[in-house]
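Below is one structure, written out as structure tokens, with a few remarks after it.
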Amino acid sequence: PVDQPPPHPSKKTLVVLGTGWGSVSLLKKLDTENYNVIVVSPRNYFLFTPLLPSCTVGTIEHRSIMEPIRNFLRHKKAAVKYYEAEATKIDYEKRVVYVNDESPIKGDVSQTEIPFDMLVVGVGAENATFGIPGVREHALFLKEVGDAQAIRNRIMDCCETATFKDQSEEERKRLLHMVVVGGGPTGVEFAGELQDFFHSDLKKWIPEIQEKFHVTLVEALPNVLPMFSKQLIDYTEKTFKEETIDIRTKTMVKNVTDKYIEAESTGPDGKKQLERIPFGLLVWATGNALRPLVKDLINQIPAQKDSRRGLAVNEYLVVKGTENVWAVGDCAVANYAPTAQVAAQEGAFLARMFNQMAKSQDIEAKLTELSEVQEKAPNAEARNRAFDEIKDLQKRLRRMKGVNPFEYSHQGSLAYIGSEKAVADISWFSGNIASGGTITYFFWRSAYLSMCFSTRNRILVLMDWVKAKVFGRDVSRV
Ligand code: FAD
Ligand code: NAD
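So the sequence shown is numbered by this note's numbering: it starts at 331 and just counts up by one.
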């Protein structure tokens, strides 16, 4: 088989799974000259997830928040191999990853194996459904670009079908009922974006739907956005009320059919009641679950027998029970929330550590060389010179080996809540600043703009915002 360029025999093979927040942040800072780096991911782009909810209604076009992985890898100092494939199994004992090409076009070979010396697992997580019947069949998720496109199409389809000739009032009401399950930041941001779309564009384009279009957010806990401070939770709930988004807290969805959900709500008297809530669009945003690949790896490692939410890692992000496997992001459990902020810091930490490990390996090799020189030195002067050099290198090596463990630095939480308002809990020195409103919204916009992957992304997002403001969002269904 033709494979260019060949791996360097003296370098270790570092295999990185995934092209999300954790893996890409590692690759960004990794000195690729030190390893034979191989990246495996079915997604050939990095996705800036914080702006994904805006793609569901066309405030932002999805390509504006995607960065092709090839475009980014080609700028690395040493070549990195990328395989567009899904890792189907990691064999820890054999130190091999099995990969499948799951894309529509397949060659003669579409399954193969990749041996590794070092492995970084950054495959993220799946959507949690808790085994609730009907979710996978009838709900839409909001994790990937395809999900955002499907939601955008479904919103428009519901609106157009609701205005179909001779549609009954009851059916119109159902079709125009947009239900979001999960009051975490994904559900809240989507509900806010959807209501914005309705207010600024939909009701102008299709005035007939004005009376019946309605957004409901269903949450099992007593309030939405549990990771935010009480003041911001109250602010969000008040804003939603003003925007006429219904929040149904203490309501747990138990069953999903093609036209309604069945939910158990707990009243103020503690009484439980089961009700049917009809919907046209159902978006399911109830958090993360383990990917099968990760579950399988957990089962191979005895030290992971109690891992339920992801691969348990130590303070250097090494998967417990292994020596040469690291995990970052949503598939790792290191006592932090599964956020982009955590994944990005973990990836950057690993890059620093791997860069240092390579340097110290170089020094160790030089030390071996020098001790041979010292042994074979023809006279005392040469022996002393080698001895001094060894001392210097040993000092450098000690400094390098003293890598501090990973420590997450929380910058704060931000969420858009619709009608040009956002909420922010920002860490400030040792304190915290909580703010909500329109100024926070401009802060939210500038923060996310500055965090975009590339200048290209930044310009595209900015242009999308201007376009949506001037011409309105695009309501064509594709
Ligand atoms: P991901 O970014 O999900 O990347 C996983 C990668 O692995 C992908 O490239 C995927 O294709 C690949 N992959 C999957 N399976 C395999 C396989 N078998 N083999 C190889 N590769 C595989 N966090 C914040 O901090 N702030 C926010 O504002 C924010 N907003 C969000 C909005 C939305 C709509 C969503 C869904 C999430 C948001 N998050 C936010 C959370 C954040 O996106 C995740 O925590 C983050 O993406 C986790 O990074 P990761 O690298 O672990 O996984
Ligand atoms: P989440 O885990 O934060 O919230 C899911 C919510 O769904 C929970 O509040 C849970 O009580 C509720 N739920 C679960 N089952 C339910 C049921 N059957 N019926 C009704 N409600 C149910 O999930 P998310 O919002 O998808 O976020 C996932 C991760 O991504 C989190 O760590 C989050 O912080 C991060 N994220 C951050 C941002 C941001 O910072 N702006 C945006 C999106 C996601």
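Cβ atoms here follow ideal geometry from the backbone N, Cα and C, with glycine treated the same way. Remember, it's a predicted structure, so these values are computed and weren't measured experimentally.
The residue from HIS468, GLU523 and ARG502 with its alpha-carbon nearest to that of GLU538 is ARG502. Assigned with DSSP and collapsed to three states, LEU360 falls in coil, not helix or strand. For ARG373, no alpha helix (DSSP H) segment is defined, and its DSSP state is neither H nor E.
One Cα belongs to ALA633, the other to GLU490, and the distance between them is close to 54 Å. Taking a C-beta distance under 9 Å as the contact criterion, LEU506 and PHE543 qualify as a contact pair.
In this structure, the straight-line span from the alpha carbon of VAL369 to that of VAL655 is close to 15 Å.
Non-local C-beta neighbours of GLU567 in its own chain, meaning closer than 8 Å and more than five positions away in sequence, comprise ASN553, VAL554 and ILE577, ordered along the chain. Within the region 468-496, the complete alpha helix (DSSP H) runs of at least 4 residues fall at 475-492. Remark: the shortest separation between the CB of ILE756 and any heavy atom of ligand 2 does not fall under 8 Å. The residue from ARG621, SER739 and GLN724 with its alpha-carbon nearest to that of THR669 is SER739.
Around the CB of LYS635, fewer than 16 other CB atoms lie within 10 Å, so the residue is classed as exposed. LYS650 and ARG425 have their C-alpha atoms spaced approximately 16 Å apart. The distance from the Cβ of VAL387 to that of ARG807 is about 13 Å, inconsistent with a contact at the 8 Å cut-off. In the DSSP annotation of this structure, the continuous segment of the alpha helix (DSSP H) that includes TYR771 starts and ends at 768-781. In the three-state reduction of the DSSP assignment, ALA657 falls in the strand class.
For SER595, the enclosing beta strand (DSSP E) begins and ends at 590-596. Cβ contact annotation for PHE378 (same chain, cutoff 7 Å, sequence separation greater than five): ILE395, CYS782, PHE783 and ASN787, in chain order.
Proximity of the beta carbon of GLY761 to ligand 2 is not indicated: no heavy atom of the ligand is located closer than 8 Å. In its chain, beyond the 5 residues on either side, GLY513, THR579 and LYS580 have a beta carbon closer than 8 Å to the beta carbon of LEU551. In this structure MET486 is buried. Its beta-carbon is surrounded by 16 or more other beta-carbon atoms within 10 angstroms.
Within 8 Å of the C-beta of SER371 there is at least one heavy atom belonging to ligand 1.
Non-local C-beta neighbours of PRO398 in its own chain, meaning closer than 6 Å and more than five positions away in sequence, comprise TYR375, ordered along the chain. By the 16-neighbour rule on beta-carbons within 10 angstroms, TYR590 is buried. Using a Cβ distance threshold of 9 Å, ALA752 and PHE558 do not count as a contacting pair. For ASN553, the three-state secondary structure derived from DSSP is coil.
For GLU676, the distance from the CB to the nearest heavy atom of ligand 2 is not below 8 Å. When the Cα atoms are used, GLY677 and ARG606 turn out to be separated by approximately 44 Å.
Shortest gap from the CB of GLY512 to any heavy atom of ligand 1: 8 Å or more. For VAL387, no alpha helix (DSSP H) segment is defined, and its DSSP state is neither H nor E. In this structure, the alpha-carbon of LEU382 lies about 22 Å from that of LEU347.
Between TYR422 and the set LEU790, LYS725 and ILE628, the nearest pair of CA atoms involves ILE628.
Fully enclosed beta strand (DSSP E) runs of no fewer than 3 residues occupy 611-614 and 655-657 of the region 606-679, in order along the chain. For GLN630, the shortest separation between its Cβ and any heavy atom of ligand 1 does not lie below 8 Å. In the DSSP annotation of this structure, the continuous segment of the beta strand (DSSP E) that includes GLY748 starts and ends at 742-748. Cα atoms of LEU647 and PRO337: separation of roughly 26 Å, rounded to the nearest angstrom. Membership of ASP564 in the alpha helix (DSSP H) is indicated by the continuous run 560-572.
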